[in-house]
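Peer 1: The opening residue of the sequence shown carries number 0 in numbering that gives the first Met the number 0; numbering runs sequentially from there. Note that the Cβ used here is the ideal one computed from N, Cα and C, for glycine as well. Bear in mind that the values here come from a model prediction, so they are computed numbers and not experimental data. One structure, as structure tokens, below. Some questions next.
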Amino acid sequence: MELTPPGPRGIPPLFARLVDDSALFPPGEASMPEALRAHFASRAGEHSGVLGVFLCQASRLPELITELIKIKPKEPLPLSLIIDTGLGGVPKAISIVESRCEILSLRMVEMPAPSDVDEVWLERVSEFVPEDVIRVVEPRRGVGWLDGVRKVIEHGSWPKIRCGGKAGENFPSVDEVADFLAVVSGSTGASFKATNSLHRAVRHTEESSGFTHHGFLNLIVASARCLSGGDVRAALESTDGAALAAEAKGMSDEAAKAVRGLFASYAAASFDEPVADLGELGLL
Numbered sequence: 000m001e002l003t004p005p006g007p008r009g010i011p012p013l014f015a016r017l018v019d020d021s022a023l024f025p026p027g028e029a030s031m032p033e034a035l036r037a038h039f040a041s042r043a044g045e046h047s048g049v050l051g052v053f054l055c056q057a058s059r060l061p062e063l064i065t066e067l068i069k070i071k072p073k074e075p076l077p078l079s080l081i082i083d084t085g086l087g088g089v090p091k092a093i094s095i096v097e098s099r100c101e102i103l104s105l106r107m108v109e110m111p112a113p114s115d116v117d118e119v120w121l122e123r124v125s126e127f128v129p130e131d132v133i134r135v136v137e138p139r140r141g142v143g144w145l146d147g148v149r150k151v152i153e154h155g156s157w158p159k160i161r162c163g164g165k166a167g168e169n170f171p172s173v174d175e176v177a178d179f180l181a182v183v184s185g186s187t188g189a190s191f192k193a194t195n196s197l198h199r200a201v202r203h204t205e206e207s208s209g210f211t212h213h214g215f216l217n218l219i220v221a222s223a224r225c226l227s228g229g230d231v232r233a234a235l236e237s238t239d240g241a242a243l244a245a246e247a248k249g250m251s252d253e254a255a256k257a258v259r260g261l262f263a264s265y266a267a268a269s270f271d272e273p274v275a276d277l278g279e280l281g282l283l
């Protein structure tokens, strides 16, 4: 399923549908009315081509549907369903979404994997989620993590990498991210999604927490280098926004399409921040 077509209104292919809306999740945690109001405003705005799907927990589907009925959107909301009710709750959640096709368009289903990324579990995921919906599975980092990533890919799902959180151990090292990229790029036709703490384009240290955050532009350039045999770790470590932007600008449309075939999208609690960063770097 093609999720990243060239964006409207002159959005470069490298950034088309890059940013998925996770306003309902930490650190945003907006109310449902606030999150939907902001999402539809962004979808109608100048940089709508950068905006991907709206993320909502399965447990909050009734709340989402109630608000959408009030809003009466002109087109169904592109949805990524975040499974927080266990694998057994997937069929019911998908059935609810499909029964509301006038207001919801299910594009993606995301869920955490069990600690051992069991083969039988992955087969059930494939059975429960319709073929035309993207399956995203997040293996837990730790012993055997990359084996789990490989299994997820082998079963036709996208692996997800969590790039931060509320504690230091939630932030993968540069080496861990580079190893993850190597596994995904080494699998023919595989794509991945990223989530958490990719608020800004460029790698930086947050003063309030002292945590060093990965940048989504670093991930884009690192993905490009992974495909071309360049220095992936240097791209992930860079804090030189101008240099990263210049490298991104220098990519051909073909290279950009290959990069986004690998790095499909990432979830951000704020849409304005990544757009502002891209604008300041001269990329939009």
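1. If you check the beta carbons only, do residue 13 and residue 219 fall under 8 Å apart?
2. Against chain C, does residue 145 count as a neighbour if the rule is that its beta carbon must be under 8 Å from one of theirs?
3. Hey, out of 142, 130, 125 and 170, whose CA is closest to residue 151's CA?
4. Put residue 284 into one of helix, strand or coil per three-state DSSP.
5. Note the first and the last residue of the continuous beta strand (DSSP E) segment covering residue 19.
6. Just grab the DSSP bridge partners of residue 55 for me.
7. Express the C-alpha separation of residue 78 and residue 104 in angstroms, rounding to a whole number.
8. With DSSP as the reference, please indicate the residues paired to residue 157 in a beta bridge.
9. Does the segment 131 to 139 come close enough to the segment 165 to 173 that 3 or more CB-CB pairs lie under 8 Å?
10. Output yes or no for whether 8 Å exceeds the beta carbon distance between residue 145 and residue 178.
11. Leaving out five residues on either side along the sequence, give the residues of the same chain with a beta carbon under 6 Å from the beta carbon of residue 127.
12. Taking residue 51 as the reference, give the member of 281, 275, 263 and 229 with the closest Cα.
13. Should residue 248 go down as buried or exposed, given a rule of 16 or more other Cβ atoms within 10 Å for buried?
14. Per DSSP, what kind of secondary structure is residue 273 in: helix, strand or coil?
15. Between the beta-carbon of residue 76 and the beta-carbon of residue 102, is there less than 8 Å?
16. Between residue 96 and residue 232, what straight-line distance do the alpha-carbon atoms span, to the nearest angstrom?
17. Which residues in the same chain have their Cβ closer than 8 Å to the Cβ of residue 21, if we skip the five residues on either side of it in sequence?
18. Go ahead and pull the three-state DSSP assignment for residue 198.
19. For residue 109, which of 15, 202, 245 and 161 has the nearest alpha-carbon?
20. DSSP on residue 238, reduced to helix/strand/coil?
21. Report all residues from its chain with a CB closer than 8 Å to the CB of residue 256; omit the five preceding and five following residues, and keep chain order.
22. Quick check: what's the CA-CA separation for residue 131 versus residue 209?
23. Which residue comes first and which comes last in the alpha helix (DSSP H) that contains residue 263?
24. Taking the alpha-carbon positions, what's the residue 259 to residue 48 distance?
25. Going by the CB atoms, is the gap between residue 147 and residue 183 shorter than 8 Å?
26. Where does residue 284 land, buried or exposed, given buried means 16+ other C-beta within 10 angstroms?
27. Could you pull out every residue in the same chain whose Cβ sits closer than 6 Å to the Cβ of residue 156, ignoring the five residues on either side in sequence?
28. Using the beta-carbon count (16 or more within 10 Å), is residue 165 buried or exposed?
29. Any idea which residues DSSP pairs residue 192 with across the strands?
Peer 2: In short:
1. Yes, Cβ-Cβ distance for residue 13 and residue 219 is below 8 Å.
2. In the displayed structure, chain C is absent; only one protein chain is listed.
3. Ranking 142, 130, 125 and 170 by Cα distance to residue 151 puts 125 first.
4. There is no way to answer for residue 284, as the model of the chain reaches only from 0 to 283.
5. In the DSSP assignment, residue 19 falls within the unbroken beta strand (DSSP E) covering 18 to 20.
6. Per DSSP, the beta bridge partners of residue 55 are 80.
7. A straight line joining the alpha-carbon of residue 104 with that of residue 78 spans about 6 Å.
8. In DSSP, residue 157 forms a bridge with 135.
9. No: fewer than three Cβ pairs fall under 8 Å.
10. Yes, the Cβ-Cβ distance between residue 145 and residue 178 is below 8 Å.
11. So the list reads 89 and 90, once near-sequence residues are dropped.
12. It is 263 whose Cα lies nearest to the Cα of residue 51.
13. With fewer than 16 neighbouring CB atoms inside 10 Å of its own CB, residue 248 falls in the exposed class.
14. Residue 273: helix per DSSP, three-state reduction.
15. Yes, the pair counts as a contact, with Cβ atoms nearer than the cut-off.
16. Rounded to the nearest angstrom, the gap between the Cα atoms of residue 96 and residue 232 is 41 Å.
17. Result list for residue 21: 27, 54, 194, 266, 267 and 268, in chain order.
18. Residue state, collapsed to three classes: coil.
19. Of 15, 202, 245 and 161, the residue nearest in Cα terms is 161.
20. Note: residue 238 maps to coil in three-state DSSP.
21. Within the same chain, and ignoring the five residues on either side of residue 256 in sequence, the residues whose Cβ sits closer than 8 Å to its Cβ are 12.
22. Cα to Cα, the separation comes out at about 42 Å.
23. Not the alpha helix (DSSP H): residue 263 falls in the beta strand (DSSP E), residues 262 to 267.
24. Their backbone Cα atoms lie some 14 Å apart in a straight line.
25. Against a cut-off of 8 Å, the Cβ pair of residue 147 and residue 183 comes out as no contact.
26. A question about residue 284 goes unanswered here, because the residues of the chain that appear run from 0 up to 283.
27. If you ignore the 5 residues before and after residue 156, its C-beta comes within less than 6 Å of the C-beta of 134 and 136, all in its own chain and listed in chain order.
28. The residue in question, residue 165, is exposed, as its Cβ has fewer than 16 Cβ neighbours within 10 Å.
29. Answer is 159 and 264, bridged to residue 192.
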